[in-house]
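Only one structure is covered here, and it is reproduced in the block below.
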Amino acid sequence: MTNRLENIGSIIRNERIRKRLTQEELGERVGVGKAQISKIESGKGLTIKTVTKVLDALGISASVVLKNEPEIDKNVIAYIVATVSEFAKSHHLSVREASNYLIRFKGIDFLTEHYDAEHLLSFDDSVQDLTQVCLNNGGGIQ
1 MTNRLENIGS
11 IIRNERIRKR
21 LTQEELGERV
31 GVGKAQISKI
41 ESGKGLTIKT
51 VTKVLDALGI
61 SASVVLKNEP
71 EIDKNVIAYI
81 VATVSEFAKS
91 HHLSVREASN
101 YLIRFKGIDF
111 LTEHYDAEHL
121 LSFDDSVQDL
131 TQVCLNNGGG
141 IQ
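UniProt numbering applies: residue 1 is where the sequence shown begins, and numbers increase by one.
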């Protein structure tokens, strides 16, 4: 059980950092002090009420934490769909062919992992990045 609590605390900590919040800022949103957030992140002092408040403040679904599966933001999904479509057009492929290719050669993984930077680029630049990532992973489309 301790391992599970530490895991929940770790998920909370990682999400707080990803959202560029300090422990103090998260504590203010939740109505607890910095020390309490620190305890929660280390898997100590967890109550259902407090964890629920923290998860709500971070915009995380409790079911995602309990399943330990990452929740993908709808904006990320929309961006990936649009980028796959642009990749398909650029390389004269159907969307299905492009999707299969990008999945096989890690292009979709790349877009998901690097969304924060990639979505700021033009589609042309993103398509170039995807082309290179896939080439690096054994793909043959140039």
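All C-beta atoms in this analysis are idealised placements derived from N, C-alpha and C, irrespective of residue type, glycine included.
- When DSSP states are grouped into helix, strand and coil, Leu-26 belongs to the helix group.
- In terms of Cα proximity to Ile-48, the closest of Phe-123, Ile-8 and Ile-141 is Ile-8.
- For Lys-49, the secondary structure class from DSSP, reduced to helix, strand or coil, is helix.
- Annotated three-state conformation of Gln-142 is coil, per DSSP.
- The three-state secondary structure of Ile-60, taken from DSSP, is coil.
- Taking Gly-139 as the centre and dropping the five residues before and after it, the same chain places the C-beta of Tyr-101 and Phe-105 closer than 7 angstroms to its C-beta, in chain order.
- Non-local C-beta neighbours of Thr-52 in its own chain, meaning closer than 8 angstroms and more than five positions away in sequence, comprise Ala-62, ordered along the chain.
- Around the Cβ of Ile-77, a 10 Å sphere holds fewer than 16 other Cβ atoms; the residue is exposed.
- Nearest Cα to Thr-50 within the set Gly-31, Leu-21, Ile-11 and Ser-10: Gly-31.
- Annotation for Arg-96: the continuous alpha helix (DSSP H) segment containing it runs 95–104.
- The criterion of a C-beta distance shorter than 7 angstroms is satisfied by Ala-57 and Arg-29.
- With a threshold of 16 other beta carbon atoms within 10 Å, Thr-22 falls short and is exposed.
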